[in-house]
Amino acid sequence: MRLLALALAALVAQAPTPDICEALNVTVSPGPTVRYAEGDNATLYCHVSQKRRTNNLLAVRWVFALSPTQEYLMIKMTKFGIVQYYGNYTHRFHKQRLRLLKERHRATYKFLILNLRPTDQGHYICKVQEIGKHRNKWTAWSNGTAATEVKGEDASDATESDPNLFLAHYR
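Set out below in structure tokens:
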């Protein structure tokens, strides 16, 4: 019985355990809401801090949501830095408009949306997963999420002579 208790204690000591004070912290800027005009280029930043281990890698996903029940994975940077497009965003048109870049020497990821269109309005969610090796297998250690909302310019922000209002298509 004593041997079983020692074996169990050894297993528990080797298992990865969550550490609340070292949780992955993700913030998105600008936010919580940012306004752009149709045709503008939007730059959204996803900053990650408080990784559990410095040698762990990060996988970063940007998701577009019209509502909490309608989320669409747009673009992902894998733990090895490879950018992948998903769903409708795999089409050439979207690949030319979307960029995901990692800033050097920091855990900040820049998401560019070029030539904004009315259909680009909505919530943009940065989902980050911290991944590391445990017993020779890749293991997800922690997750973090942050969001911002992209809106068109208000009608009060523009004059009647501006026919290209971002929100004009929705009124």
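FYI, in mature numbering (1 follows the signal peptide of the UniProt record, and there is no 0) the residues of the sequence shown are -23 to -1, 1 to 148.
Note that beta-carbon positions come from the ideal geometry of N, C-alpha and C, so glycine has one too.
Residue i versus residue j - alpha carbon distance
i, j, result
"T136", "E15", "Its pLDDT being 39, under 50, T136 is placed unreliably in this model, and the value from its coordinates should be taken loosely. Approximately 15 angstroms, taken between the alpha carbons."
"G129", "K104", "24 angstroms"
"T4", "E80", "15 angstroms"
"Y62", "A36", "13 angstroms"
"G121", "V25", "8 angstroms"
"T55", "P95", "29 angstroms"
"R74", "I108", "28 angstroms"
"residue 156", "Y86", "Nothing in the structure corresponds to residue 156, since the chain is present only between -23 and 148."
"C23", "A123", "8 angstroms"
"Q106", "F41", "17 angstroms"
"Y66", "W39", "11 angstroms"
"P9", "A19", "14 angstroms"
Cβ neighbour criterion (16 or more within 10 Å) applied to residue i
i, result
"I52", "buried"
"Q98", "buried"
"G58", "exposed"
"K28", "buried"
"S44", "exposed"
"residue 166", "In this structure the chain extends from -23 to 148, so residue 166 is not present and cannot be described."
"Q47", "exposed"
"L91", "exposed"
Residues that DSSP places opposite residue i in a beta bridge
i, result
"L34", "I108"
"R12", "K128"
"T96", "Looking at the DSSP assignment, T96 forms no beta bridge with any residue, so it has no partner."
"W115", "K110"
_Restricting to runs no shorter than 3 residues, where is the beta strand (DSSP E) found entirely within the region 42 to 92?_
For the region 42 to 92, the full-length beta strand (DSSP E) segments reaching 3 residues or more read 47 to 54, 60 to 62, 75 to 79, 85 to 90 along the chain.
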